[in-house]
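Right under this line is the structure:
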């Protein structure tokens, strides 16, 4: 506070802030003392600022000065403080996104955000509960069936001598993600997979690029249209009026939002204007994020064929349930490698690649290391934190195993909660569970149907990243070679009973691992006590021996010590027998399940440990 007040009376305010202000000791490029990072240097071509910020953190450390009164922070604990503990309000960059209307995404007013978040999240919470999201699965599946057909059509049109066709997977996955949002949020698909001619996606893409350019060059802000785009709002309003007029209630997100207007408390109702803006927000936030994440997962799996093989192995052990042609959420949500692939992709390519922008509204102390007065712009740089070897060993490598408990790579990670893809604090992503379900269904069913091979030049192109509102590849395109797998579900359908047996076997498998680990620990303890007992037998009977009781040590005679050790050893022996009986009982049940499942599915299922 003292620093800022002093500058009001200083004729050389800019020089004072540059060399004596509260950020004067924060490292960074020299020019940042006088101005924000110039876009022609640090954001050229547009969309590469995120990479420049990462380089600056690599050079200068966890906190970097990026303007006279702006810093970028990549320390995980400071990020938590900024987003969770201090819950700083949004920074001035969000002002550039408000000409199309104020939403929960872009409002800088924390009280307004809290009111919107409280009222609207309560009203729309049902739309994002796990139970409700599971009920949206049939709509997602309808789109995924269309996606699989579209991929097959693309393969047939470009097939080579090896039987592989060239498919633009980035575009396919982007279209599928948009159609899923259309089905689940708007009540009908945009038919992007079929013809790709709907006007709305193009406008959303344009809005994202405009937002990036306006952020890079604020003087363009005056040229941006005030208020929401009329064409978009007319479209959304038409969907809304159509739903209201039909009198038919559809089990989707739009219906939940529409129903909030029937709340008996007028204060809790969403206005039509709010409904339109927030529905458009769900579209913009849910489309590009999911489609791009799926695209990045495909890129990384092609770069790492050993990881791709492991995912295929996991997916191929699953069979379609009776009467279906797709894998379901219940089969996928507990798959360790699939979830590892998703989380590792989100780690390397966090959606907010350029960071989350906040500002101080009062003096704060960052971890006792840096005092920030009021009105300092703070960027929480999760892209650098996610790709920092200090938090994630060999951070640039794609290692899904680091998300799987029991794997060596998992144990090497210092702190798994250095993960901010879905933000944190009061402004965390309300659609997290929706996104995870979509990612699981899309990736698993894609790999259930298709074999994939890289195209070398496409792999090179995929190294060129851009960040507009979300991370993407430069040309919004990524092609790969695909071929339909010879077998997708086998000749035998999976009944509900079969799936329960498979789930039961998986649970027993995990239980066996825990019991065997417990058995080994008890065995080692007993062997140690037996060795101690032998040593005590050789000790002088009257010699005092230190014996541990709780956290303290007491002195007892050798004979007393032997007696105590033998009793403890006997208890461990009984515990070992009990654990061994449990292991035998579980193994017996697993053997019976193996017989039943192998009898029906044969080589189509793999129940053996590696």
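Residue numbers (the numbering used here): 369 to 978.
All C-beta atoms in this analysis are idealised placements derived from N, C-alpha and C, irrespective of residue type, glycine included.
Quick caveat: nothing in here was measured; it's all calculated off a predicted structure.
(1) Ordered along the chain, which non-local residues of its own chain (more than five positions away) have a Cβ less than 8 Å from that of residue 507?
(2) At 3 residues or longer, what runs of the beta strand (DSSP E) sit wholly inside the region 515-588?
(3) Starting from the C-beta of residue 856, find all residues in its chain whose C-beta is less than 7 Å away, skip the five residues before and the five after it, and write them out in chain order.
(4) Let me confirm a value: residue 449 is counted as buried when at least 16 other C-beta atoms fall within 10 Å, else exposed. Which label applies?
(5) Let me know the secondary structure DSSP gives residue 387 once reduced to three states.
(6) Hey, is the region 380-396 in contact with the region 802-816, meaning 3+ C-beta pairs nearer than 8 Å?
(7) Which of the three DSSP states, helix, strand or coil, is assigned to residue 747?
(8) Are the CB atoms of residue 428 and residue 404 nearer to each other than 7 Å?
(9) Residue 643: which of 676, 602, 657 sits nearest, CA to CA?
(10) Closer than 8 Å by C-beta to residue 783: which residues in its own chain qualify, once you throw out the five before and the five after it? Chain order, please.
(11) Alpha carbons only, please: which of 838, 498, 933, 537 is nearest the one belonging to residue 722?
(12) Which first and last residues belong to the beta strand (DSSP E) in which residue 820 is found?
(13) Label residue 522 either buried or exposed according to how many other C-beta atoms from any shown protein chain fall within 10 Å of its C-beta, with 16 as the threshold for buried.
(14) Going along the chain, which residues of its own chain have a beta-carbon closer than 6 Å to the beta-carbon of residue 608, five neighbours each way excluded?
(15) Put residue 429 into one of helix, strand or coil per three-state DSSP.
(16) Is residue 626 helix, strand or coil by DSSP?
(17) Which residues does DSSP pair with residue 848 in a beta bridge?
(18) So does the region 712-720 actually touch the region 759-779, counting three or more Cβ pairs closer than 8 Å?
(19) Let me confirm a value: residue 659 is counted as buried when at least 16 other C-beta atoms fall within 10 Å, else exposed. Which label applies?
(20) Can you give me the Cβ contacts of residue 370 inside the same chain, cut-off strictly under 6 Å, excluding the 5 residues immediately before and after it?
(21) Any chance the region 400-416 sits against the region 834-848, with 3 or more Cβ pairs inside 8 Å?
(22) Quick check on residue 498: buried or exposed, where buried means 16 or more other Cβ atoms within 10 Å of its Cβ?
(23) Can you name the residues that DSSP bridges to residue 689?
(24) Considering just the uninterrupted stretch of the beta strand (DSSP E) at residue 733, what are its terminal residues?
(25) Would you mind sorting residue 509 into buried or exposed? The rule is 16 or more other CB atoms within 10 Å of its CB.
(26) Let me know if residue 810 comes out buried or exposed under the rule of 16 or more other beta-carbons within 10 Å of its beta-carbon.
(27) Helix, strand or coil: how does DSSP classify residue 503 here?
(28) In chain order, what residues of the same chain have a beta carbon less than 7 Å from the beta carbon of residue 890, not counting five sequence neighbours either side?
(29) Is it a yes or a no for the region 812-831 touching the region 630-639, going by three-plus beta-carbon pairs under 8 Å?
(30) Can the beta-carbon of residue 666 be found less than 7 Å from the beta-carbon of residue 537?
(31) Output the distance between the C-alpha atoms of residue 680 and residue 867, rounded to the nearest integer angstrom.
(32) On a CA-only basis, which of 540, 952, 402, 673 is nearest residue 846? Give me that one, please.
(33) Our contact map puts residue 746 next to residue 439 with C-beta atoms below 8 Å; I'd like the distance itself, whole angstroms only.
(34) Mind checking whether residue 751 and residue 577 have CB atoms under 7 Å apart?
(35) So residue 453 is in the alpha helix (DSSP H); what residue range does that whole segment cover?
(36) What's the gap between the Cα of residue 628 and the Cα of residue 545?
Inspection of the coordinates gives the following:
(1) 548, 551, 552, 620
(2) Listed in chain order, the complete beta strand (DSSP E) runs (minimum 3 residues) inside the region 515-588 are 533-536.
(3) Residue confidence is low: residue 856 scores 47 on pLDDT, short of 50, so the model does not pin down where it sits. Its coordinate-derived value is still stated next. Only 816, 817 meet the Cβ criterion.
(4) buried
(5) helix
(6) no
(7) strand
(8) no
(9) Relative to the Cα of residue 643, the nearest Cα in the group 676, 602, 657 belongs to 602.
(10) 444, 759
(11) Across the set 838, 498, 933, 537, the C-alpha of 838 shows the shortest separation from the C-alpha of residue 722.
(12) 818-821 is the span of the beta strand (DSSP E), which, as asked, contains residue 820.
(13) Under this definition residue 522 is a buried residue.
(14) none
(15) coil
(16) Residue state, collapsed to three classes: helix.
(17) 535
(18) yes
(19) buried
(20) Low local confidence applies: a pLDDT of 31 at residue 370 is under 50, so the model's placement there is unreliable, with the coordinate-based value given in what follows. If we look at residue 370 and ignore the five residues flanking it on each side, it has no Cβ neighbours.
(21) yes
(22) exposed
(23) 862
(24) For residue 733, the uninterrupted beta strand (DSSP E) segment begins and ends at 732-734.
(25) Buried, by the Cβ-count rule.
(26) buried
(27) If DSSP states are grouped into helix, strand and coil, residue 503 belongs with the helices.
(28) 940, 943, 944, 947
(29) Verdict: no, contact absent.
(30) yes
(31) 19 Å
(32) 540
(33) 6 Å
(34) no
(35) From DSSP, residue 453 is part of no alpha helix (DSSP H); its letter is neither H nor E.
(36) 26 Å
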